[in-house]
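> For what it's worth, the working numbering labels the leading residue of the sequence shown as 321, then goes sequentially.
A single structure is presented below for examination.
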Amino acid sequence: MAKTIGMASDHAGYEMKEALKPLLKELGYKVKDFGAHSTESMDYPDTAHPLAEAVEAGKVCCGIAICGSGNGISMTLNKHQGVRAALCWEPELG
């Protein structure tokens, strides 16, 4: 059974999220997309909280969250117990 990865972004991270989805599927993962679903302006907490709740509940094995800088969405995710979000911008940090 394929593991499911949750993904969330705001409008600034939408295009990167969409580019990563087929790569994850190619690697054998299922992807649960919590949004954003376009480049229309929106707030990252609207997608970060549902992603974090899915991780906490075990509905997804882990998550990838993307916003303009990565800072805001990481801080929002880290408000949830059982979730540890890290800001990674270089392969060595992953």
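Ideal Cβ placement from N, Cα and C applies to all residues, glycine included.
Could you check if C387 is buried or exposed, using at least 16 other CB atoms within 10 Å of its CB as the buried criterion?
In the sequence shown, counting from the first residue as 1, residue 387 sits at position 67. Looking at its Cβ environment, which holds 16 or more other Cβ atoms inside 10 Å, C387 is buried.
> Could you check what DSSP says for G402 in three-state terms: helix, strand or coil?
The residue you call residue 402 lines up with position 82 of the sequence shown. Looking at G402 - three-state DSSP - the assignment turns out to be coil, as it is neither helix nor strand.
> Which residue spans inside the segment 349-407 form an unbroken alpha helix (DSSP H) run of at least 4?
Qualifying alpha helix (DSSP H) stretches, in chain order: 365-377, 391-397.
> With distances taken Cα to Cα, identify the nearest neighbour of L347 among Y364, E335, I325.
Your numbering for residue 347 matches position 27 in the sequence shown. Measuring from the Cα of L347, the nearest candidate turns out to be I325.
> Along the chain, where does the beta strand (DSSP E) containing A328 start, and where does it finish?
As a first step, residue 328 must be located in the sequence shown, where it is residue number 8. 324-329 is the span of the beta strand (DSSP E), which, as asked, contains A328.
> If you compare alpha carbons, which of H357, S389, G383 is closest to L371?
Residue mapping note: residue 371 aligns to position 51 of the sequence shown, counting from 1. For the residues H357, S389, G383, the minimum Cα distance to L371 belongs to G383.
> What residues in its chain sit with their C-beta under 8 Å from that of Y349, if we drop five residues either side in the sequence?
Numbered from 1 along the sequence shown, position 29 holds the residue referred to as residue 349. Counting only Cβ-Cβ distances below 8 Å, and skipping sequence neighbours, we find A322, K323, T324, I325.
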